[in-house]
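First up is the structure itself, then whatever we jot down about it.
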């Protein structure tokens, strides 16, 4: 019983409502009261097709989904029962969808796949460091927004936990990846294949804005799941 309580208190303190910090301590606001919500519509550099009607439709698929007890267990790799998974589910999905977004940026830009987890690097790259990069992919490697909890120094999940969750989400809720893939492919096409610091920075901003909307959709899914799913005792965090 004490172990269960400890797990509950441990994970409930892990919040993603603040800033997303890269492995180089470069910060990007992920849920500012206005900017994260309106960044897409205010981005005058985005293509006109970015009214995001299709994106909103995909988000609706998430928010109205039924994630039942078996789903909770499978997203965690059938390692623990659904009652425990519910306690840290929001964090697991948040970390997994952020990772999906990073992978889709690299795919759209034809960069190398995501690198394996490594130790967290809190060094802040200076302008001289950025300017000295030999190519644009090296620039992205330096500023890629990888938060500390998605490194070997993270306190909550192993890399394999995130990989397991991503594999199940791709099968069960493909809307997460569909949104990122469509968005970043369209942005790259709009830039006519040009990859520069400005286009990369814009993609990172879009990642942050959409990720916040995904988190909201997941909350809506969980808050309403008792109306759609199997009758069990729910733990809504």
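Residue numbers (my numbering): 43 to 279.
Idealized CB from N, CA, C, for every residue including glycine.
Residue i to residue j span [Cα, whole Å]
i	j	result
residue 227	residue 96	14 Å
residue 239	residue 155	19 Å
residue 91	residue 230	Model confidence at residue 91 stands at a pLDDT of 48, short of 50, so the residue's coordinates are unreliable; what they give is reported in the following sentence. Those two C-alpha atoms are separated by around 13 Å.
residue 112	residue 124	7 Å
residue 266	residue 146	29 Å
residue 98	residue 176	38 Å
residue 203	residue 119	8 Å
residue 169	residue 115	45 Å
residue 84	residue 149	Legend: pLDDT at residue 84 = 34, less than 50; position of this residue unreliable, no value from coordinates given.
residue 243	residue 234	16 Å
residue 207	residue 126	15 Å
residue 132	residue 209	16 Å
residue 225	residue 241	13 Å
residue 252	residue 163	25 Å
residue 108	residue 134	17 Å
Buried or exposed by the 16-neighbour rule on C-beta atoms within 10 Å, applied to residue i
i	result
residue 139	buried
residue 106	exposed
residue 128	buried
residue 121	exposed
residue 254	buried
residue 246	buried
residue 197	exposed
residue 174	exposed
residue 165	exposed
residue 100	buried
residue 205	exposed
residue 194	exposed
residue 200	exposed
residue 236	exposed
residue 102	exposed
residue 161	exposed
residue 269	exposed
residue 152	exposed
Supposed contact pair residue j and residue i - C-beta distance, whole angstroms, cut 8 Å
i	j	result
residue 271	residue 171	Going by Cβ atoms, the distance from residue 271 to residue 171 rounds to 49 Å, so no, they are not a contact pair.
residue 136	residue 257	6 Å
residue 249	residue 104	With 8 Å as the limit, residue 249 and residue 104 do not qualify as a contact, their Cβ atoms being about 17 Å apart.
residue 211	residue 117	7 Å
residue 167	residue 184	5 Å
Residue-level contact to chain D via CB, residue i, 8 Å cutoff
i	result
residue 243	Reference to chain D is not applicable here, since this structure consists of a single protein chain.
Cβ contact check for the stretch 180–192 and the stretch 256–266: 3 or more pairs under 8 Å: no
Three CB pairs or more closer than 8 Å across the stretch 213–223 and the stretch 182–198: no
Cβ contact (3+ pairs, closer than 8 Å) linking the stretch 130–147 and the stretch 202–219: yes
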